[in-house]
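Participant:
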Amino acid sequence: AICQGKAFRAFTEQYPFLCHGLSLSIGSPSPLDEAFVRRLKLFLKQHGIRGYSEHLSYCSDDGHLYDLMPIPFTEEAVHYVAARIRRVQDILEQPIAMENVSYYAAPGKEMDEIDFINSVLAEADCRLLLDVNNVYVNSINHHYDARDFIRRLPAERVSYLHVAGHYQEAEDLIVDTHGADVIDPVWQLLDATYELLGPVPTLLERDFNIPPLPELLTEVDIIIAMQQQHEKNRSPISRRA
Ligand SMILES: [Fe+2]
Numbered sequence: 072a073i074c075q076g077k078a079f080r081a082f083t084e085q086y087p088f089l090c091h092g093l094s095l096s097i098g099s100p101s102p103l104d105e106a107f108v109r110r111l112k113l114f115l116k117q118h119g120i121r122g123y124s125e126h127l128s129y130c131s132d133d134g135h136l137y138d139l140m141p142i143p144f145t146e147e148a149v150h151y152v153a154a155r156i157r158r159v160q161d162i163l164e165q166p167i168a169m170e171n172v173s174y175y176a177a178p179g180k181e182m183d184e185i186d187f188i189n190s191v192l193a194e195a196d197c198r199l200l201l202d203v204n205n206v207y208v209n210s211i212n213h214h215y216d217a218r219d220f221i222r223r224l225p226a227e228r229v230s231y232l233h234v235a236g237h238y239q240e241a242e243d244l245i246v247d248t249h250g251a252d253v254i255d256p257v258w259q260l261l262d263a264t265y266e267l268l269g270p271v272p273t274l275l276e277r278d279f280n281i282p283p284l285p286e287l288l289t290e291v292d293i294i295i296a297m298q299q300q301h302e303k304n305r306s307p308i309s310r311r312a
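Under our numbering, the letters of the sequence shown match residues 72 to 312, in that order.
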């Protein structure tokens with residue numbers, strides 16, 4: 072483990088790093104794993120990691136499921152999750168970013184997804200990792216306007232973006248798999264997002280069906296070209312700090 076730590080350190084000394092977690096389980100009914108958060112704090116410090124992000128969902132109760140389960144869109148869940156995010160931020164002594172997830176059922180829903188996310192962000196006073204593909208996937212599966220959804224998010228809280236491909240199960244059911252090329256409507260939504268937020272940093276997610284690297288990098292090139300275009304379009308006055 073020490074050797075692996077050293078090898079990893081060689082990278083973190085050379086490049087800026089962000090960490091994206093899968094096991095915080097912020098919406099879980101079981102107590103927050105504070106021992107994990109304290110170990111995480113040490114890790115972030117040891118490697119000079121610039122930021123930490125997680126999913127606005129949960130993946131465990133007694134054991135870990137390694138899947139992202141939907142938190143009920145309720146007032147009670149807003150307070151519960153926001154308090155847990157605040158606790159994580161208190162232990163880490165830094166703000167964290169929460170990612171909007173794709174969901175295929177909305178158990179116990181009492182409010183719209185947008186109101187749920189906005190309430191959690193405000194009450195927890197945390198950052199937002201905006202996954203543009205997840206907004207697109209949810210807009211199809213749950214019948215809402217993706218651009219309007221992004222317009223209603225707090226721009227000042229967005230730390231960075233995710234963009235990815237997905238799997239089309241049926242015309243009205245698509246599944247966020249990270250296993251395919253990004254499709255045109257998602258590129259268009261990314262473009263509209265840059266229009267609103269400026270060319271914020273963007274991560275291309277690809278988990279499997281991975282094509283040869285030069286092919287994959289053509290998608291990164293599209294992101295870079297789009298960002299440069301939006302950089303040009305922004306006057307120095309309107310540029311965000
Ligand atoms: Fe994502």
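Even for Gly, the Cβ is constructed at its ideal location relative to N, Cα and C. These numbers come from a predicted model, not from an experiment.
1. Quick one, which of E184, D243 and Q239 has its alpha-carbon nearest V253's?
2. Is there a Cβ of chain C sitting closer than 7 Å to that of S96, yes or no?
3. Contact between the region 156-169 and the region 137-147: three or more CB pairs below 8 Å?
4. Any heavy atom of ligand 1 closer than 6 Å to the beta-carbon of H135?
5. Please report how far the alpha carbon of R80 lies from the alpha carbon of L113, in whole angstroms.
6. Per the contact definition of three or more C-beta pairs closer than 8 Å, is the region 84-94 in contact with the region 115-126?
7. I'd like the list of long-range same chain contacts for L260, defined as Cβ closer than 6 Å, with 5 residues on each side in sequence excluded.
8. Does the beta-carbon distance from L232 to L201 come in below 7 Å?
9. Could you tell me which whole alpha helix (DSSP H) segments of length 4 or greater appear in the region 98-146?
10. Note down the Cα distance separating Q298 from R277, rounded to an integer number of angstroms.
11. Where does the unbroken alpha helix (DSSP H) through R198 begin, and where does it stop?
12. Just the Cα atoms here: how many angstroms apart are Y215 and E84?
13. When we look at the beta-carbon of V191 and count the other beta-carbons within 10 Å, is it buried (16 or more) or exposed?
Facilitator: Let me spell this out:
1. Nearest option by C-alpha distance: Q239.
2. The structure shown contains no chain C; it is built from a single protein chain.
3. Output reads no: the region 137-147 does not touch the region 156-169.
4. Within the chosen limit of 6 Å, ligand 1 does not reach the beta carbon of H135 with any heavy atom.
5. When rounded, the separation of the alpha-carbon atoms in R80 and L113 is 13 Å.
6. Counting Cβ pairs under 8 Å, three or more are found: they touch.
7. Here the set comprises V203, Y207 and A217.
8. For the 7 Å CB-CB criterion, L232 and L201 form a contact.
9. Every unbroken stretch of the alpha helix (DSSP H) spanning 4 or more residues and falling wholly within the region 98-146 is given here in chain order: 105-117.
10. Answer to the nearest angstrom: the Cα atoms are 20 Å apart.
11. R198: not part of any alpha helix (DSSP H); member of the beta strand (DSSP E) spanning R198 to D202, first to last residue.
12. The C-alpha of Y215 lies about 44 Å from the C-alpha of E84.
13. By the neighbour-count rule (16 or more Cβ atoms within 10 Å), V191 is buried.
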